[in-house]
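In terms of this note's numbering, the sequence shown opens at residue 3 and continues consecutively.
Glycine included, C-beta positions come from ideal geometry on N, C-alpha and C.
Everything numeric in this text was worked out from a predicted model, so none of it was measured.
A short write-up of the structure that comes next.
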Amino acid sequence: SSKNEFYDGYNHCGYNIISRSVLLDESENILDDNGTLTLIVSIEEESTTVFVPKNPLVKMMREMFNDGTTADVCFEVGTAEGKDDDDDRTKRAKTTTPFYAHRSILEKCAPMLAAICGSNNDSGGVAVASVNDVKPHIFHHLLFYVYGGSIPEEELKTHAKGIIDAADKYSIINLKLAAEALYVQPADISLDNAMDNLLYADSRNCALLKEAVMNFLADNHYAAASNISFADFPGHVVKDLLVAFGRNSKKGVHGTNVDELTTLCVSALRRKLDKMGLEVDGSREAMIDSIKSHS
Numbered sequence: 003s004s005k006n007e008f009y010d011g012y013n014h015c016g017y018n019i020i021s022r023s024v025l026l027d028e029s030e031n032i033l034d035d036n037g038t039l040t041l042i043v044s045i046e047e048e049s050t051t052v053f054v055p056k057n058p059l060v061k062m063m064r065e066m067f068n069d070g071t072t073a074d075v076c077f078e079v080g081t082a083e084g085k086d087d088d089d090d091r092t093k094r095a096k097t098t099t100p101f102y103a104h105r106s107i108l109e110k111c112a113p114m115l116a117a118i119c120g121s122n123n124d125s126g127g128v129a130v131a132s133v134n135d136v137k138p139h140i141f142h143h144l145l146f147y148v149y150g151g152s153i154p155e156e157e158l159k160t161h162a163k164g165i166i167d168a169a170d171k172y173s174i175i176n177l178k179l180a181a182e183a184l185y186v187q188p189a190d191i192s193l194d195n196a197m198d199n200l201l202y203a204d205s206r207n208c209a210l211l212k213e214a215v216m217n218f219l220a221d222n223h224y225a226a227a228s229n230i231s232f233a234d235f236p237g238h239v240v241k242d243l244l245v246a247f248g249r250n251s252k253k254g255v256h257g258t259n260v261d262e263l264t265t266l267c268v269s270a271l272r273r274k275l276d277k278m279g280l281e282v283d284g285s286r287e288a289m290i291d292s293i294k295s296h297s
């Protein structure tokens, strides 16, 4: 039988819920096949916990995002002017998208963005800065994150590479690491893209992505040796590869004088750094050196 819900119209006193004639009407399909009426009673109790509203700062910050009425900075984001490919005499019109911001927030949360705005405008007007190396929708995510916003995971994954590039350039580190985590999952690395991912990770200092590639190479060392050209393999990442081999084989650790930090994965190192209040971006070697120097 179908499930029907009925609500008392008399202050929940428990009477006059449904008439007997309606209850026995087979077309209503209220009773079970054997003629049984099933009643489920629920009582909603008021919470005894005292309600305390959350700190409104994050909400207020998000409301200030791209607010042109209070902003003292405007980023004009767009592609640089150029010529059409099919006609050198015709120039493409330069289109820009304005994004409004507040210098005081940028100086604290995104100093590199604040730096391209120049010095304070003595006239009290809005300082204008051009950004030609980031697409508007990527810059939107970047600035929204600076103002305390959260980017949906699917959106972050779809535009991960663009966000990594922009966040790395303007040192929005936490956003860069969030996008990096979604950029290439370990299962997405293959013999065809391992070297490209490694070179990209090295160029953007993405230690987590680099570690994923190294783990793949360690797990598939014979296939990698036969199918991947290592002509462009960066020499300074050999230590990372050896760590991946050691963690993969579980040999050569016990009974030897191995620094525990060397055996930790990137996420564990970042977690330690974050707990110590230190910068979590950087290569494995840089993170280990930072932990040691502050221990």
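The alpha helix (DSSP H) enclosing Phe-53, as first and last residue numbers: No alpha helix (DSSP H) holds Phe-53; DSSP gives it neither H nor E.
At least 3 beta-carbon pairs within less than 8 Å: the segment 45-54 vs the segment 105-114: no
Local conformation of Gly-248 per DSSP, three classes: helix
First through last residue of the alpha helix (DSSP H) which encompasses Tyr-172: First-last for Tyr-172: undefined, no H or E at that position.
Reduced DSSP category for Phe-2 - H, G, I as helix; E, B as strand; rest coil: Past the edges of the chain, shown from 3 to 297, lies residue 2, and the structure says nothing about it.
When Cys-119, Lys-137, Leu-115, Gly-164 are compared against Tyr-149, the one with the closest alpha-carbon: Leu-115
Range covered by the beta strand (DSSP E) that runs through Glu-78: 75-80
Close beta carbons around Ile-66, own chain, < 6 Å, minus the five adjacent residues each side: Note on residue identity: the sequence assigns Met, not Ile, to residue 66. For Met-66, where only same-chain residues beyond five positions count, there are no Cβ hits under 6 Å.
Inter-residue CB distance, Asp-204 and Val-245 (contact presumed, cutoff 8 Å): Not really, about 15 Å apart at Cβ, beyond 8 Å.
Residues that DSSP places opposite Pro-100 in a beta bridge: Glu-78
Expected contact under 8 Å - CB spacing of Ala-168 and Val-136 to nearest Å: 5 Å
Given 8 Å, three or more beta-carbon pairs between the segment 57-73 and the segment 39-47: no
Assigned secondary structure, Tyr-12 (DSSP; H/G/I helix, E/B strand, else coil): Because the pLDDT of Tyr-12 is 43, which lies under 50, any placement of that residue in the model is unreliable, and the number read from its coordinates should be weighed accordingly. Three-state result, Tyr-12: coil.
Chain-order list of residues whose beta-carbon lies under 6 Å from that of Pro-188 (same chain, five-residue window excluded): Ala-214
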